[in-house]
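Read through the structure below, which is laid out as structure tokens, and then see the notes.
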Amino acid sequence: METSDSNGDADESLEPDVVVDFESVGVADEETLARLRTVSFYLDEAFEIPGTNYRIGLDPILGLVPGVGDATAAALSAYILVEAAMLGVPRATLARMLGNVVLDATVGSLPVVGDVFDAAWKANARNVRLLEARYDDASPAAVEADRRFLLAAVAAIALLLVALGAATALVALWVLGQVGLL
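Using the numbering used here, the first residue of the sequence shown is number 78, and each one after it goes up by one.
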């Protein structure tokens, strides 16, 4: 079926000009690793504390924003996990990386103490180091299993974060009711 544009000319087809097959393009693992190093740098080491040689990143700074800050940092940390699974990192390494993220998100959600922990723990830098050490170790058969494992783990973390948010809202409503404001 031919269509005409505003000039009355008939288009021969409605197919796209270019179709990109990302598998054949071969986005190099080194490019992915470089991108993950950059994400890790910004989350864990982007700023030097004046007068010291110690660096912190956006992770502890985002943690200062109540509610959404820690969830945003955890989502960015999960991005590193997803990319690690796509690179074929072994399941045991993914589990360690997930443990780093869960610990960072859990302790990091505590007011003030969690932000100090985030600045010291640097889960993203740890995870990128684990990734660099292990990403060649996965057998091709294990890659799909690792992806399923990661999907289940990310879903579990998301459900946990939703449950924590709901519990916080319910406690706040209860306190407001006890005070007489509801």
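For each residue, glycine too, the CB sits at the ideal point set by N, CA and C.
In this text, all values refer to a predicted model and were calculated from it rather than measured experimentally.
(request) Give the straight-line distance between the Cα atoms of F118 and E108, rounded to the nearest whole angstrom. (result) In the sequence shown, counting from the first residue as 1, residue 118 sits at position 41. In the sequence shown, counting from the first residue as 1, residue 108 sits at position 31. Those two C-alpha atoms are separated by around 15 Å.
(request) Note down the Cα distance separating W198 from G254, rounded to an integer number of angstroms. (result) Locating residue 198 in the sequence shown gives position 121, counting from the first residue. Locating residue 254 in the sequence shown gives position 177, counting from the first residue. Between W198 and G254, the C-alpha separation is close to 38 Å.
(request) Following the continuous alpha helix (DSSP H) through T149, name the residue where it begins and the one where it ends. (result) The residue you call residue 149 lines up with position 72 of the sequence shown. Annotation: the continuous alpha helix (DSSP H) that includes T149 extends over V145 to L164.
(message) Between which residues of its own chain and A151 is the CB-CB distance below 6 Å, once the five residues before and five after are set aside?
(response) Translated into the one-based positions of the sequence shown, residue 151 becomes position 74. So the qualifying residues of the chain are A182.
(request) Leaving out five residues on either side along the sequence, give the residues of the same chain with a beta carbon under 6 Å from the beta carbon of L113. (result) Indexing the sequence shown from 1 puts residue 113 at position 36. Counting only Cβ-Cβ distances below 6 Å, and skipping sequence neighbours, we find I157, E160 and V205.
(message) Distance check for V178 and A196, CA to CA, integer angstroms please.
(response) Taking the first residue of the sequence shown as position 1, residue 196 is located at position 119. Taking the first residue of the sequence shown as position 1, residue 178 is located at position 101. Those two C-alpha atoms are separated by around 13 Å.
(request) Evaluate L208 with the Cβ neighbour count: other Cβ atoms within 10 Å of its Cβ, from every protein chain shown; 16 or more gives buried, anything less gives exposed. (result) Position 131 of the sequence shown holds residue 208. Buried: at least 16 other Cβ atoms inside 10 Å.
(message) Assuming Y119 is part of the alpha helix (DSSP H), what are its boundary residues?
(response) By 1-based counting over the sequence shown, the position of residue 119 is 42. Unbroken alpha helix (DSSP H) run through Y119: D106 to D121.
(message) I need the straight-line Cα distance from F124 to V190, nearest angstrom please.
(response) One-based indexing of the sequence shown puts residue 124 at position 47. One-based indexing of the sequence shown puts residue 190 at position 113. Computed Cα separation, rounded: 19 Å.
(request) Spatial neighbours of R132 within its chain, please: CB distance less than 6 Å, with the 5 preceding and 5 following residues excluded, ordered by chain position. (result) Within the sequence shown, the letter at position 55 stands for residue 132. The answer, listed in chain order, is E122 and E125.
(request) Between the Cα of L171 and those of V256, L228 and L241, spot the shortest distance and give me the residue it belongs to. (result) Here residue 171 refers to the residue found at position 94 of the sequence shown. L171 has its Cα closest to that of L228, out of V256, L228 and L241.
(message) For S101 and A111, what's the separation of their Cα atoms in angstroms?
(response) The residue labelled residue 101 in the question sits at position 24 within the sequence shown. The residue labelled residue 111 in the question sits at position 34 within the sequence shown. Because S101 sits at a pLDDT of 44, beneath the cut-off of 50, its placement in the model cannot be relied upon, and the following sentence gives the value as read from the coordinates. In a straight line, the C-alpha of S101 is about 20 Å away from that of A111.
(request) Quick one: measure Cβ to Cβ for V256 and A155, integer angstroms, because I've assumed they're closer than 8 Å. (result) Position 179 of the sequence shown, counted from the start, is the residue given in the question as residue 256. Position 78 of the sequence shown, counted from the start, is the residue given in the question as residue 155. Actually they do not touch by this definition, with Cβ atoms about 37 Å apart.
(request) Name the two residues that bound the continuous alpha helix (DSSP H) containing T183. (result) If you number the sequence shown from 1, residue 183 lands on position 106. T183 -> alpha helix (DSSP H) spans R168 to G185.
(message) Using C-beta distances below 6 Å, list every residue in its chain close to L139, excluding the 5 sequence neighbours before and after it, in chain order.
(response) Residue 139 sits at position 62 when you count from the first residue of the sequence shown. Excluding residues within five positions, the ones whose Cβ falls inside 6 Å are G146, T149 and A150.
(message) Quick check: the Cα distance between V193 and G185, rounded to an integer number of angstroms?
(response) Within the sequence shown, the letter at position 116 stands for residue 193. Within the sequence shown, the letter at position 108 stands for residue 185. Using only the alpha carbons, I get a separation of about 8 Å.
(message) Nearest by alpha-carbon distance to L187: which of P127, V142, A162 and A240 is it?
(response) Sequence index remark: in the sequence shown, residue 187 carries index 110 (1-based). When only C-alpha atoms are compared, the closest one is V142.
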